[in-house]
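Below is one structure, written out as structure tokens, with a few remarks after it.
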Ligand code: SF4
């Protein structure tokens, strides 16, 4: 049965949308904080069950066959995080022996399905759960895009609705008997989605986070916040990738700098904060073209300096993950 999103999975029967500083209707403090005073939902939230979320053991069980779980984070939008997530998924699944899952948690701006060439697919629901969309035999993906009536549909949701969908993705998607790598693409910044996924995966063991940035100071400022968030949330940082650090000329295929790193870029930030620097990926206009067409850039353009850089980063990441087990 095909599934289109018509109704939020869990809406708590609230009588109005949560206000801006809502602690979350499912939180311990629901109905009790200053934000709750005067909120029309206060009575409902106070009466909702509190305590450990009973779905966390179900999530842990559903993800128990997944060997490595990696979050992809960025401090700000526009640094190519989803693009890099997609490149990573293509590269890891290039080995037919390796099973890869790719989960798009950018609920308001899902772009991964188009980059993987499957944006018009719909997910299917069966007794074993939601079947993800398969891009290849060994590459499965899940995104809210597969539940929307069409490409242009906007998702205008606040905290609890997003949290409920994330829970559904983690608890009910049937990833099969074995996945080697689950790559989780998150929205930019440190928002509800990040806190929620960290909470739901607390017993599932995340290998860590990969942080994507560009070399400019304005992007690195936000990366510092992202790193601080990871440290406070207890998320291991697997490394930092500096994207768009140079430009590959479409004519001669030589590389030149376009975004000058005024403060030393990602490499010196990693040195300062003692996190691994995985490498720099130059901007090749053909990456955008490959993403628009939903094809693997590294397969299509093996001669690009960007391909060399991406493969090197993926190799380092794979080694880090394997060494950690
Ligand atoms: S009463 Fe409920 S909806 Fe309103 S702010 Fe508190 S937790 Fe959020």
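Residue numbers (our numbering): -1 to 323.
Every residue gets a Cβ at the ideal spot worked out from N, C-alpha and C, and that includes glycine.
Every value quoted in this text rests on a predicted model; they were computed, and no experiment measured them.
1) What are the uninterrupted segments assigned as beta strand (DSSP E) that are 3 or more residues long and contained completely in the stretch 106 to 143, given in chain order?
2) Under the three-state reduction of DSSP, which class applies to residue 38: helix, strand or coil?
3) Mind checking whether residue 276 and residue 314 have CB atoms under 8 Å apart?
4) Closer than 7 Å to a non-hydrogen atom of the ligand GDP - does that hold for the CB of residue 231?
5) Just the Cα atoms here: how many angstroms apart are residue 292 and residue 84?
6) Does the Cβ of residue 132 have 16 or more other Cβ atoms within 10 Å, making it buried, or fewer, making it exposed?
7) On a Cα-Cα basis, can you pick out the residue from 117, 142 and 136 that is closest to residue 128?
8) Taking the straight line between their C-alpha atoms, what separation do you get for residue 97 and residue 52?
9) Quick test of the definition: if touching needs 3 or more C-beta pairs under 8 Å, does the stretch 176 to 189 touch the stretch 26 to 43?
10) Using a Cβ-Cβ cut-off of 6 Å (strictly less than) and excluding sequence neighbours within five positions of residue 116, which residues of its own chain qualify?
11) Would the stretch 191 to 211 count as touching the stretch 229 to 239 if we require 3 or more Cβ pairs under 8 Å?
12) Give me, in chain order, the residues of the same chain whose beta-carbon lies closer than 6 Å to that of residue 113; leave out the 5 immediate sequence neighbours on both sides.
13) Less than 6 Å between C-beta atoms, sequence neighbours within five positions excluded: which residues of the same chain meet that for residue 111?
14) Where does residue 108 land, buried or exposed, given buried means 16+ other C-beta within 10 angstroms?
Answer, in terms of the structure:
1) 121 to 124, 127 to 129, 131 to 134 and 137 to 141
2) coil
3) yes
4) Among the ligands present in this structure, namely the ligand SF4, the ligand GDP is not found.
5) 9 Å
6) exposed
7) 142
8) 29 Å
9) no
10) 131 and 133
11) yes
12) 84 and 289
13) 117, 141 and 143
14) buried
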